[in-house]
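Visitor: A single structure is presented below for examination.
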Amino acid sequence: MTIRIKKGQANKLLLNQVKNMSGVDLDACYQCKKCSCGCTVSGHVQSPPSELIRRLQLGAGDELLENDLIWTCVSCETCFARCPMGIDMVSVMDALRTLAIEKKAIIPEGNVPLFNSAFLKTVKIFGRTYDLALMTAYKIGTSSYLRDTDKLPIIMKKKKIALLPSLGANRKTVRRIFKKTRQNKGRLK
Ligand code: SF4
Ligand code: SF4
0 MTIRIKKGQA
10 NKLLLNQVKN
20 MSGVDLDACY
30 QCKKCSCGCT
40 VSGHVQSPPS
50 ELIRRLQLGA
60 GDELLENDLI
70 WTCVSCETCF
80 ARCPMGIDMV
90 SVMDALRTLA
100 IEKKAIIPEG
110 NVPLFNSAFL
120 KTVKIFGRTY
130 DLALMTAYKI
140 GTSSYLRDTD
150 KLPIIMKKKK
160 IALLPSLGAN
170 RKTVRRIFKK
180 TRQNKGRLK
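Here it is as structure tokens:
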């Protein structure tokens, strides 16, 4: 693996931002690559997780925010479970996604960011995920109103999706978490 960092860009600003936002000590990574060997999606992306960390360590700039792993990662935590240094890659990916949106990085084609945003909005409103609202928001966003609707009767019959949002969710606490996260993000900038 040859990693090229553009001259003059190696200032570690992005590394420090990711460290602050994720709370992960990325300097602890010693490139054993156990994360990449077990990564669910590493065969389908430009850079496996260990390479992404190495690029950050070497001082990659905002061009790294266009890496497709950031949006292809499915947060399965396999890398975290395998890492001898306890590097929490899911938190790192969350930080990179947030920075990619904030800095208006070119996001790879596909509807992952839209799904991500629809998911977070439903959690914020209903206190936990509410599949019907998530599906509706996603379909409106992609203008794919009729796609896969033939499966809906079977899904409903098997009670895989609830008609109403969960009553047990503590909405006030969840909204407080969102508010606190927004305030913390403001402080870290
Ligand atoms: S498993 Fe952990 S220490 Fe090894 S390369 Fe991946 S992040 Fe770094
Ligand atoms: S959490 Fe993401 S980076 Fe880690 S193994 Fe899963 S898909 Fe790969």
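Numbering-wise (numbering that gives the first Met the number 0), the sequence shown opens with residue 0 and increments by one.
Every residue gets a Cβ at the ideal spot worked out from N, C-alpha and C, and that includes glycine.
The model shown is predicted, which means the values in this text are computed figures rather than measured ones.
Short of 8 Å in beta carbon distance, which residues of its chain neighbour Lys188, apart from the five on each side in sequence? Order them along the chain.
Guide: Counted from its first residue, the sequence shown places residue 188 at position 189. Residue confidence for Lys188 is low, a pLDDT of 47 falling below 50, so the modelled location carries little weight and cannot support an answer.
Visitor: List the whole-angstrom C-beta distance separating Pro48 from Leu68, where the pair is believed to meet the contact cut-off of C-beta under 8 Å.
Guide: As a first step, residue 48 must be located in the sequence shown, where it is residue number 49. As a first step, residue 68 must be located in the sequence shown, where it is residue number 69. 7 Å between Cβ atoms; contact.
Visitor: Can you check whether the CB of Lys11 is closer than 7 Å to the CB of Gly58?
Guide: Along the sequence shown, read from residue 1 onward, the residue named residue 58 stands at position 59. Along the sequence shown, read from residue 1 onward, the residue named residue 11 stands at position 12. Taking 7 Å as the Cβ cut-off, Gly58 and Lys11 qualify as a contacting pair.
Visitor: Between the C-alpha atoms of Thr128 and Lys157, what's the straight-line distance to the nearest angstrom?
Guide: Counting from 1 along the sequence shown, the entry for residue 128 is found at position 129. Counting from 1 along the sequence shown, the entry for residue 157 is found at position 158. So the two alpha carbons sit approximately 19 Å from each other.
Visitor: Just the residues with CB closer than 7 Å to a heavy atom of ligand 2, in chain order, which are they?
Guide: Here the list is Cys34, Gly37, Cys38, Thr39, Val40, Ser41, Pro48, Leu68, Cys72, Val73, Ser74, Cys75, Glu76, Thr77, Cys78, Phe79, Met88, Val89 and Met92.
Visitor: Label Gly22 either buried or exposed according to how many other C-beta atoms from any shown protein chain fall within 10 Å of its C-beta, with 16 as the threshold for buried.
Guide: Your numbering for residue 22 matches position 23 in the sequence shown. Exposed: under 16 other Cβ atoms inside 10 Å.
Visitor: CA-CA distance, Val173 and Gly126?
Guide: Within the sequence shown, residue 173 is the residue found at index 174, counting from 1. Within the sequence shown, residue 126 is the residue found at index 127, counting from 1. Going by the C-alpha atoms only, they are around 6 Å apart.
Visitor: Find out if the Cβ-Cβ distance for the pair Glu65, Ala104 is shorter than 7 Å.
Guide: The residue labelled residue 65 in the question sits at position 66 within the sequence shown. The residue labelled residue 104 in the question sits at position 105 within the sequence shown. Their beta carbons are under 7 Å apart, which means Glu65 touches Ala104 by this criterion.
Visitor: Could you tell me the distance, in whole angstroms, from the CA atom of Thr121 to the CA atom of Leu163?
Guide: Within the sequence shown, the letter at position 122 stands for residue 121. Within the sequence shown, the letter at position 164 stands for residue 163. Each residue's Cα considered, the two are about 13 Å apart.
Visitor: Between the C-alpha atoms of Cys31 and Leu55, what's the straight-line distance to the nearest angstrom?
Guide: Here residue 31 refers to the residue found at position 32 of the sequence shown. Here residue 55 refers to the residue found at position 56 of the sequence shown. Whole-angstrom Cα-Cα distance: 16 Å.
Visitor: I need the DSSP call for Cys38, collapsed to helix, strand or coil.
Guide: Taking the sequence shown and counting its residues from 1, the one referred to as residue 38 is at position 39. Coil.
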